[in-house]
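If you want my numbering, it's the 1-based position in the sequence shown plus 164. C-beta: ideal position from N, C-alpha, C; glycine also. None of the values given here were measured: they were computed from a predicted structure.
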Amino acid sequence: MSVHYNTFTDPSVSGFSTYYFSKEKDHQLAQSINRSLTSAIELRDRGVMENNYFVLNDNDAPSILL
Numbered sequence: 165m166s167v168h169y170n171t172f173t174d175p176s177v178s179g180f181s182t183y184y185f186s187k188e189k190d191h192q193l194a195q196s197i198n199r200s201l202t203s204a205i206e207l208r209d210r211g212v213m214e215n216n217y218f219v220l221n222d223n224d225a226p227s228i229l230l
């Protein structure tokens, strides 16, 4: 799991996103973590998304990026 905190000048771009690389290996973990965060924190849920980030695609174990 990799957790990143980003900043952006446009206040309409806020909340958290959960990224995964492989539907077969990572998607279930991403959905589970995203659901837990949605119920635990008061930030806008931007969803679970597939992406080809290096931190995700070069892993043998299930992995996500928040």
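Cβ shell of residue i (< 6 Å), same chain only, five flanking positions each side left out
{"i": "residue 207", "result": "179, 180"}
{"i": "residue 166", "result": "219, 229"}
Pairwise C-alpha distance: residue j and residue i
{"i": "residue 192", "j": "residue 200", "result": "12 Å"}
{"i": "residue 188", "j": "residue 172", "result": "32 Å"}
{"i": "residue 190", "j": "residue 227", "result": "6 Å"}
{"i": "residue 174", "j": "residue 217", "result": "23 Å"}
Residues that DSSP places opposite residue i in a beta bridge
{"i": "residue 166", "result": "229"}
{"i": "residue 214", "result": "184"}
Own chain, CB closer than 7 Å to residue i, minus 5 neighbours either side, in chain order
{"i": "residue 224", "result": "none"}
Of the listed residues the options, nearest to residue i (C-alpha basis)
{"i": "residue 214", "options": "195, 204, 202", "result": "195"}
Cut-off 8 Å between Cβ atoms - residues of its own chain near residue i, not counting five sequence neighbours on either side
{"i": "residue 209", "result": "179, 180, 198, 201, 202"}
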